[in-house]
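Structure record follows, encoded as C-alpha cells.
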Amino acid sequence: MCRGTCRSSKQEVPTKEVDELYRKFIEDFNTMRRAIGKLVEVYDVFLKKAASGVGPHFALSNHLREYAANFAEKDEELATELNTSAQTIEDIGKHNKDFVVNARSQVIVQLKCWYSESRKQFKQEMSDIGKRKTQLETEMKRAGVASELTDYLRQMLVQMNILGEESTRTIREAGKVDSSSY
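So the sequence shown is numbered by the UniProt record's numbering: it starts at 1 and just counts up by one.
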C-alpha cells in the first residue's frame with residue numbers, strides 16, 4: 001500500500017513539471033510562429049504599397065520599426081535586427097526607389113517559400129516533441145526525474161533561436177540580393 005502511495009507521489013511531481021515545461025515550450029513556439037507570420041505580413045503590406053508607388057521604403061521601415069518595438073520585450077536581438085533592416089531599407093530607398101517596386105515578387109515569393117518550409121519543419125519538430133514528451137513521461141514515472149526533459153527542451157529552444165536568426169539572415173539576404181541586381 002505504501003508502495004502505491006509513494007509511487008503515485010513520485011509520478012505527480014514530474015508529470016506536472018513535464019506539462020508545465022511543455023506548455024511553456026508550446027507558448028514560445030507559437031510566439032515564434034506568430035512573429036514569422038507577422039513579418040511576412042509586414043513585408044507583404046510594404047511591397048503592395050511599394051508597387052503602388054506610395055513612399056515604399058519609408059512604408060517598410062516604419063512597419064519594421066513598429067514591429068521591432070512590439071517584439072522587443074520577447075526578443076531584443078530580433079528587434080535590433082529589424083531596426084537595422086529598417087535603416088538599410090531607408091538607405092536603399094533613398095538611392096534607388098525603383099528597387100522596392102521591382103523587387104516585390106522576388107522578395108515576397110522568397111519570404112513565403114521560406115515561411116512555408118519553416119512551418120513544415122516546425123510542425124514536424126512539434127510532432128517529434130509530442131512523441132518525446134510521452135516517452136519522457138513514461139520514463140519519469142519509473143525514475144521520478146525531470147532533468148532529461150529540461151535538457152531536451154533547452155536544446156529545442158536553442159534550435160528555435162537559431163531558426164529565428166536564420167530567418168532574419170534569410171530576409172536580409174533576400175533584400176541584399178534584390179538590391180544588388182538593380
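A virtual CB, placed ideally from N, CA and C, is assigned to each residue, including glycine.
Alpha-carbon to alpha-carbon, residue j and residue i
i, j, result
"Phe29", "Thr170", "19 Å"
"Lys10", "Lys16", "Residue placement at Lys10 is poorly supported in this model, since its pLDDT is 43, which falls under 50; the coordinates are not used for a value here."
"Lys131", "Asn62", "42 Å"
"Thr80", "Arg34", "18 Å"
"Leu136", "Thr168", "33 Å"
"Tyr67", "Leu78", "10 Å"
"Glu73", "Glu117", "27 Å"
"Thr88", "Val158", "28 Å"
"Lys133", "Arg172", "35 Å"
"Ser127", "Arg23", "14 Å"
Nearest residue (CA-CA) to residue i, options the options
i, options, result
"Val18", "Leu82, Glu139 and Ser116", "Glu139"
"Lys120", "Leu78, Tyr67, Leu163 and Gln135", "Leu163"
"Asn83", "Lys74, Arg132 and Ala69", "Ala69"
"Glu75", "Thr31, Arg23 and Leu136", "First, the residue type needs correcting, since residue 75 is Asp and not Glu in the sequence shown. Per the Cα distances, Thr31."
"Phe122", "Met160, Ala174, Glu73 and Arg23", "Met160"
Assigned secondary structure, residue i (DSSP; H/G/I helix, E/B strand, else coil)
i, result
"Asp128", "helix"
"Lys123", "helix"
"Asp75", "coil"
"Gly164", "helix"
Close Cβ partners of residue i (< 8 Å) along its chain, the five nearest in sequence each way excluded
i, result
"Met156", "Phe25, Glu125 and Ile129"
"Glu165", "Glu77"
Other residues of its chain near residue i: CB distance less than 6 Å, five sequence neighbours each side excluded
i, result
"Leu64", "Leu82, Ser85 and Ala86"
Beta carbon proximity, residue i to chain D, threshold 8 Å
i, result
"Asn83", "In the displayed structure, chain D is absent; only one protein chain is listed."
Same chain only: Cβ atoms within 7 Å of residue i, ignoring 5 sequence neighbours per side
i, result
"Lys38", "Tyr67"
"Glu27", "none"
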